[in-house]
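The numbering of the sequence shown is the numbering used here, which starts it at 291 and goes up by one. Every residue gets a Cβ at the ideal spot worked out from N, C-alpha and C, and that includes glycine.
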Amino acid sequence: MFRKAFMKKYSFGFLIVGLLVLLGCQRDDLCPGSTNTTPLLIIRFYDFEAPDEPTPPQNLSIAEIPETETDSLSWATYVDDEGNTVTLRRRSQDSIAIPLRTDQNLTRFYFILDTEIDENGFVTSGNADTLTFSYDLQEEYLNRACSFQRKFINLKVNRTAEEDGQNWIREINIEENNVEDENQAHVSIYF
């Protein structure tokens, strides 16, 4: 008897609460592939003697410099439009896209020209220049599904001069100080 009276008295309240819960739910948002999340740094290469047309450096490999001596060298990679992971080893193309670190304000890379790699994946020869990209990080909230977009503001690049004067990179121009999208080249390298 107590049970019937309880159910009669509170069933309308349970119904209202249940409807409010159901109406408050949303479908899970998916981040569309077309959403511009954290952009890659776009670099275009030019021949120093003929700077009008982009020119691919031959057998270029790019590796992020480890923070400590115990860390291993990691090849720069990115995911292309088809979802494939692309490793930047022994490439010959006039433009590349590389990721910058989002957990600190600088990223250091070896840009290795004329790379020779043995069967174990170790570089055996090539002309390596060290580039340090520094920037300020800016986060912008996109939405619940896509989370945050990180932008790289006030981009600067420094090339370490080699003692023997054998730098293959002759000049670097920053074309776009803020890396906010992947629509155009941010840096031009002349070799």
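Using CA atoms only, rank isn't needed, just tell me which of the options is closest to residue i.
i, options, result
"P329", "S382, I388, P344 and P356", "I388"
"I459", "T325, F401, P322 and G323", "F401"
"P346", "S324, L331 and L403", "L403"
"E429", "F423, T422, L421 and F438", "F438"
"S424", "N410, E409 and V469", "V469"
"A475", "L331, L427, F338 and S324", "L331"
By DSSP, does residue i sit in helix, in strand, or in coil?
i, result
"I332", "strand"
"I306", "helix"
"G416", "strand"
"L320", "coil"
"R440", "strand"
"N457", "coil"
"F423", "strand"
"Q383", "coil"
"I352", "strand"
"D393", "coil"
"T450", "coil"
"N433", "strand"
"E515", "In the structure as shown, the chain begins at 291 and stops at 481. Residue 515 is therefore absent and cannot be evaluated."
"N467", "coil"
"D404", "strand"
"Q474", "coil"
"F399", "strand"
Mind checking if residue i is an interface residue toward chain D, Cβ cutoff 9 Å exclusive?
i, result
"P322", "Note that chain D does not occur in the displayed structure, where there is just one protein chain."
Provide the residue(s) that pair with residue i in DSSP beta bridges, ordered along the chain.
i, result
"P344", "Y336"
Under 8 Å by Cβ, that's how I've got residue i and residue j pegged, so tell me the actual separation to the nearest angstrom.
i, j, result
"N395", "T422", "Not quite, the Cβ-Cβ distance comes to about 11 Å (not below 8 Å), so this is no contact."
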